[in-house]
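For reference, the structure is listed below as structure tokens.
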Ligand SMILES: [Ca+2]
Ligand SMILES: [Ca+2]
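Residue numbers (this note's numbering): 286 to 377.
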């Protein structure tokens, strides 16, 4: 995360499985409806990560396949519940 005013790195997060940077753009939204924004990150380590605004892991979702896209987040049917969309590449 980089501050908007000084462009200083505030914190960063690397895959705990590979130790590498996440390859795709992140998405920012209040995914659990608590009024605080979360950062959702796709990873080619076969997981999706949800981080707090301070960089703490809130959840990790195993994807079984490499996640090959940035997440999209929206309430696509207008019921107040948002959905997270990821694109995977099946290797077999
Ligand atoms: Ca939230
Ligand atoms: Ca919905």
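Positions of the beta carbon are idealized from the N, C-alpha and C atoms, including for glycine.
Any beta strand (DSSP E) of 3 or more consecutive residues that is wholly inside the segment 328 to 355
The qualifying runs are 332 to 336 and 342 to 347.
What residues match up with residue 316 in a beta bridge as DSSP calls it?
None; residue 316 has no bridge partner.
To the nearest whole angstrom, what separates the beta carbons of residue 311 and residue 294, a pair I think is in contact under 8 Å?
At roughly 15 Å, the Cβ-Cβ gap does not stay under 8 Å, so residue 311 and residue 294 are not in contact.
Compare the beta carbon distance of residue 355 and residue 330 with 7 Å and say whether it is the shorter of the two.
no
Where residue 349 and residue 291 are concerned, what is the direct C-alpha to C-alpha distance, given to the nearest angstrom?
38 Å
Once DSSP output is grouped into helix, strand and coil, what is the label at residue 299?
strand
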